[in-house]
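Single-structure report; data block below.
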Amino acid sequence: MLEAINGLQHVMQQAAHFLLSPPQVSYQPNSEFVYFDLDDMRKHHYSIPEKTVVFVGEGLETQRIIIYNSLTWRRQELVTIRVSTLHVKVTDAADISIPSQTSPVFQQQSDTIIDSQFDITFMADVPALGLTTYFLNAVLPAQNIENSLSHVKLINFVGRTPRAEGFDDIEVMEEPKEFAIHNDHLSAAFSELGLLKAVTLKDSGVTVPLHMDFVRYHARPGSERSGAYLFLPDREAETVVGDSVPVRVLEGPLFSQVHVHLPNVQHTVTLVNTPGADSLGLEVQNVVNIGDQVNCELAMRISSSIKNGDEFFSDLNGWQLIRRKRFSKLPIQANYYPIPTMAFIQDQNYRFTIVTGQPLGMGSLKEGQIEVMQDRRLNQDDNRGLGQGVTDNRPLPATFRLIVEKRVPNCQETSPEHPGGLPTMAANVASLSLLHPLYHLLWLGKTRDKLGSQFTPVIHEPGYDFHVVMLQTFSPQSSNSAGLIVHRQETDSCFPLENFFISSGLLNVSNLLPTQFGNIMKESTLSFLDEGRTIKKNTAHPLALDDNHMLYSFQLILFLLLNHILSNEHAHQECPSMASSASPCLPAVLPTFSLPPSAATWWAASCTPGLQPAIYRAVTRSAPTTLTLTMVVEPGANKTSEHALTWYRSEPFTMASTSNSLEPSPVLSLKSRVQVTGSLLGETPAWRNFSSTPRKMRAACSSTADCRRPAWNLP
1 MLEAINGLQH VMQQAAHFLL SPPQVSYQPN SEFVYFDLDD MRKHHYSIPE KTVVFVGEGL
61 ETQRIIIYNS LTWRRQELVT IRVSTLHVKV TDAADISIPS QTSPVFQQQS DTIIDSQFDI
121 TFMADVPALG LTTYFLNAVL PAQNIENSLS HVKLINFVGR TPRAEGFDDI EVMEEPKEFA
181 IHNDHLSAAF SELGLLKAVT LKDSGVTVPL HMDFVRYHAR PGSERSGAYL FLPDREAETV
241 VGDSVPVRVL EGPLFSQVHV HLPNVQHTVT LVNTPGADSL GLEVQNVVNI GDQVNCELAM
301 RISSSIKNGD EFFSDLNGWQ LIRRKRFSKL PIQANYYPIP TMAFIQDQNY RFTIVTGQPL
361 GMGSLKEGQI EVMQDRRLNQ DDNRGLGQGV TDNRPLPATF RLIVEKRVPN CQETSPEHPG
421 GLPTMAANVA SLSLLHPLYH LLWLGKTRDK LGSQFTPVIH EPGYDFHVVM LQTFSPQSSN
481 SAGLIVHRQE TDSCFPLENF FISSGLLNVS NLLPTQFGNI MKESTLSFLD EGRTIKKNTA
541 HPLALDDNHM LYSFQLILFL LLNHILSNEH AHQECPSMAS SASPCLPAVL PTFSLPPSAA
601 TWWAASCTPG LQPAIYRAVT RSAPTTLTLT MVVEPGANKT SEHALTWYRS EPFTMASTSN
661 SLEPSPVLSL KSRVQVTGSL LGETPAWRNF SSTPRKMRAA CSSTADCRRP AWNLP
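Residues 1 to 715 (full-length UniProt numbering) make up the sequence shown, in order.
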């Protein structure tokens with residue numbers, strides 16, 4: 001595994017050097033050379049990753065740091081680099097100073113400060129699927145006005161006050177004391193032991209109790225006991241209590257952090273103050289070491305005031321959330337489930353989601369409670385084939401995000417009979433951010449070496465509900481192509497999130513990879529062994545989420561991207577011979593825009609010269625309401641036009657405004673002429689002739705390119 005990680009890091013730094021090296025046409029690769037050092041050192045296969053110390057100072061060159069974003073949307077998140085001196089200035093490629101926060105570095109499991117090591121944290125702004133560059137340079141204190149030093153507080157601390165260069169105002173409190181940390185969105189209150197107590201949402205001013213504890217299960221006696229495959233506790237878990245444990249608090253403008261040294265656990269809670277995904281809730285990291293325990297199973301438990309009854313949700317495979325039910329008559333182990341990425345509980349007012357960065361086990365054993373297993377050490381075999389106990393425990397890091405959200409008033413939730421649930425946009429974005437962190441590449445060459453400062457292939461982000469699962473290359477001997485898998489996740493609209501937009505459901509691969517590969521691709525299967533139809537790369541493909549879905553709250557689309565260009569006769573045309581009025585157009589797929597279920601269904605017809613006619617469906621909860629929707633079409637290379645849709649309601653069949661707004665309107669007669677607002681590629685607005693019933697719709701375009709279709713049967 002360690003060799004695989006090192007090999008992947010080598011490929012990453014080679015690829016980064018190629019993408020930032022101009023010109024790429026004459027690039028001469030050296031597959032053995034190391035251009036970057038990834039900020040992720042592992043001494044052994046069981047070691048926790050350690051940060052690389054970047055040496056900056058007088059007489060040393062400015063250090064170049066490359067940040068890589070593997071997600072399909074722009075990210076503004078915190079990056080922490082370990083440096084050798086206190087006063088370090090961070091600048092971007094335009095030599096603009098970036099606000100930063102410097103913190104002392106403490107030894108593991110102690111409050112001793114390490115000399116000549118500091119953590120400098122700044123907000124990186126990285127484009128979608130892109131690389132961006134920042135520079136670190138040692139300066140005088142007066143020249144580093146954008147930098148702030150973290151304020152350090154030590155609670156329950158007895159002994160000599162630690163000292164570090166520049167941190168002369170360390171606050172020491174010998175007596176236990178409750179405290180709180182804040183950012184622009186929420187405030188988190190902590191107990192005297194440094195464990196989370198409550199969260200206050202600043203936009204609503206509501207405080208939600210969240211009590212965190214660590215609990216321990218012991219194996220039951222008898223012939224059949226807990227082991228690698230069996231979880232058989234002897235009784236309910238007991239709380240792990242530390243006697244006056246030391247608590248360390250760091251506070252600053254970019255983040256605040258709480259460190260607690262509990263028995264067998266180093267517990268850290270971080271609250272970030274950025275506009276990015278890392279500020280969505282509290283980040284929790286536990287470093288668990290139960291190597292000195294006997295038959296111990298350690299869990300993190302969070303208790304809240306949420307009235308979820310005996311119902312909770314956990315994901316099945318990272319893509320589907322399943323409705324679970326607690327059965328009080330069954331033993332503890334029967335109410336435990338896997339948690340690959342997230343779980344949540346909710347009531348009529350609030351939802352509490354825990355997002356995990358690694359697969360674990362979880363349960364909701366009481367109302368308002370979620371607990372997640374951290375590590376297990378069992379000293380006996382459970383007779384299930386392993387032939388030994390679980391005694392090879394090492395210090396194990398586990399990372400989580402805790403998100404509390406308020407439900408939109410009068411927003412209808414899914415039916416109790418529905419077997420699944422939907423994540424909120426905040427949970428979906430936080431999960432992607434946690435599973436795909438920003439990567440730090442430390443340049444090993446000279447700063448003056450010619451290297452580009454930024455790279456991104458994306459010209460238009462598809463939305464925060466899209467994610468590139470894989471872009472797989474194949475060996476040159478077998479194929480001159482690459483496999484692309486794109487995932488779209490449906491989210492719960494009862495918990496909207498500002499600044500994180502949802503896509504229209506259409507994917508244009510040329511917006512993600514405009515110049516990479518050729519201009520055509522083929523539909524394919526997950527294995528990329530079976531090929532489907534050949535289509536143009538700049539075609540908009542719907543990833544529709546059916547409003548009648550049960551378990552499948554997501555959709556995948558798979559393509560083979562070809563490096564060569566097929567002749568026109570081999571390329572699939574969505575609407576053949578658009579210039580000929582006699583050529584029929586194929587009926588469009590009906591993408592469903594994710595809106596709350598309701599009694600009113602709205603339809604929009606679209607017929608654009610050069611494109612396939614389409615009917616789009618949206619569902620609204622109550623009238624009057626407004627739906628803002630803009631469809632962006634790309635009839636040709638480097639040509640984009642915004643196109644307004646005309647909305648209709650099916651029961652009763654009414655005409656909406658011909659703008660992008662959904663408004664109450666008079667009943668539409670069976671035959672009416674409706675003018676489309678806006679222009680189509682600068683031409684005179686087209687006229688549409690609709691002859692319709694609630695179940696059928698006829699449409700025709702009468703502009704320069706004519707396309708007629710007898711009728712669409714609407715589901």
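Backbone N, C-alpha and C fix where the C-beta goes; we use that ideal spot for every residue, glycine too.
Name, in chain order, the residues that DSSP records as bridge partners for residue i.
i	result
Arg42	None; Arg42 has no bridge partner.
Cys296	His218, Arg377
Lys522	Thr534, Leu560
His487	His467, Leu556
Met362	Tyr337, Val372
Thr102	Ile120, Leu149
Lys325	Glu311
Trp319	Answer is none; Trp319 lacks a bridge partner.
Asp213	Arg301
Glu498	According to DSSP, which records beta bridges pairwise, Glu498 is partnered with nothing at all.
Gln266	His261, Val287
Thr200	Ser187, Thr207
Gln472	Gly483
Phe344	Phe313, Thr353
Whose CA, out of the options, lies closest to the CA of residue i?
i	options	result
Leu451	Tyr134, Asn499, Ile181	Tyr134
Met12	Arg64, Tyr68, Thr52, Phe122	Tyr68
Asn499	Gln516, Met521, Gly463	Gly463
Leu558	Arg533, Thr525, Asn137, His541	Thr525
Leu154	Asp111, Gln143, Phe190, Leu131	Asp111
Asp203	Gln28, His436, Gln555, His185	His185
Ser503	Lys537, Asp465, Phe528, Val486	Asp465
Gln516	Ser493, His541, Val265, Asn480	Asn480
Pro397	Thr491, Pro340, Phe501, Val265	Val265
Phe18	Ser453, Leu484, Phe501	Ser453
Lys446	Lys43, Leu60, Lys51	Leu60
His211	Ala430, Asp243, Gly518, Leu196	Leu196
Gly505	Ser493, Leu497, Gln489	Gln489
His87	Met123, Leu140, Asp40, Pro409	Leu140
Asp168	Pro104, Leu2, Phe36	Pro104
Asp243	Ala124, Val158, Asn519	Val158
Ser100	Gln348, Phe255, Val269, Thr200	Phe255
Val269	Phe501, Gln348, Pro253, Ile181	Ile181
Phe455	Leu20, Val287, Ala15	Leu20
Just to check my reading of the structure: residue i and residue j have Cβ atoms closer than 8 Å, yes? What is that Cβ distance to the nearest angstrom?
i	j	result
Ser150	Glu251	6 Å
Val245	Asn156	6 Å
Val249	Phe179	7 Å
Leu444	Val34	6 Å
Glu81	Ile120	For clarity, residue 81 is Ile in the given sequence; the question names Glu instead. Yes, they are in contact, since the Cβ atoms of Ile81 and Ile120 sit about 6 Å apart, within 8 Å.
Glu441	Ile5	Per the sequence shown, residue 441 should be read as Leu rather than Glu. The Cβ separation is near 15 Å, so there is no contact.
Asp530	Ser433	The pair is not a contact, with the Cβ atoms about 34 Å apart (cut-off 8 Å).
Val258	Gly166	The Cβ separation is near 21 Å, so there is no contact.
Phe122	Val90	5 Å
Asp467	Leu129	It should be pointed out that residue 467 corresponds to His in this sequence rather than to Asp. His467 to Leu129, Cβ: 11 Å. No contact.
Tell me whether the beta-carbon of residue i lies closer than 8 Å to the beta-carbon of residue j.
i	j	result
Phe495	Ala482	no
Ser314	Gly368	no
Asn511	Val458	yes
Arg376	Val390	yes
Glu192	Pro176	yes
Arg74	Pro127	yes
residue 743	Gly318	As shown, the chain starts at 1 and ends at 715. That puts residue 743 outside it, with no answer to give.
Leu131	Val54	no
His261	Gln109	yes
Gln333	Phe231	yes
Arg323	His418	yes
His45	Leu2	yes
Ser226	Leu378	yes
Relative to the ligand SAH, is the shortest distance from any of its heavy atoms to the C-beta of residue i smaller than 7 Å?
i	result
Ile557	What this structure holds is no ligand at all, so the ligand SAH is not there to describe.
Counting Cβ pairs, one atom from each stretch, are 3 or more of them under 8 Å apart for the stretch 371 to 379 and the stretch 348 to 363?
-> Touching, per the Cβ criterion.
May I ask you to verify whether the stretch 215 to 223 touches the stretch 303 to 323, counting CB pairs closer than 8 Å and requiring at least 3?
-> Verdict: no, contact absent.
Would the stretch 273 to 280 and the stretch 230 to 243 be scored as touching if the rule is three or more Cβ pairs under 8 Å?
-> No, the stretch 273 to 280 is not in contact with the stretch 230 to 243.
With contact counted as at least three CB pairs below 8 Å, one residue from each stretch, are the stretch 400 to 411 and the stretch 280 to 291 in contact?
-> Contact between the stretch 400 to 411 and the stretch 280 to 291 is present, because at least three Cβ pairs lie under 8 Å.
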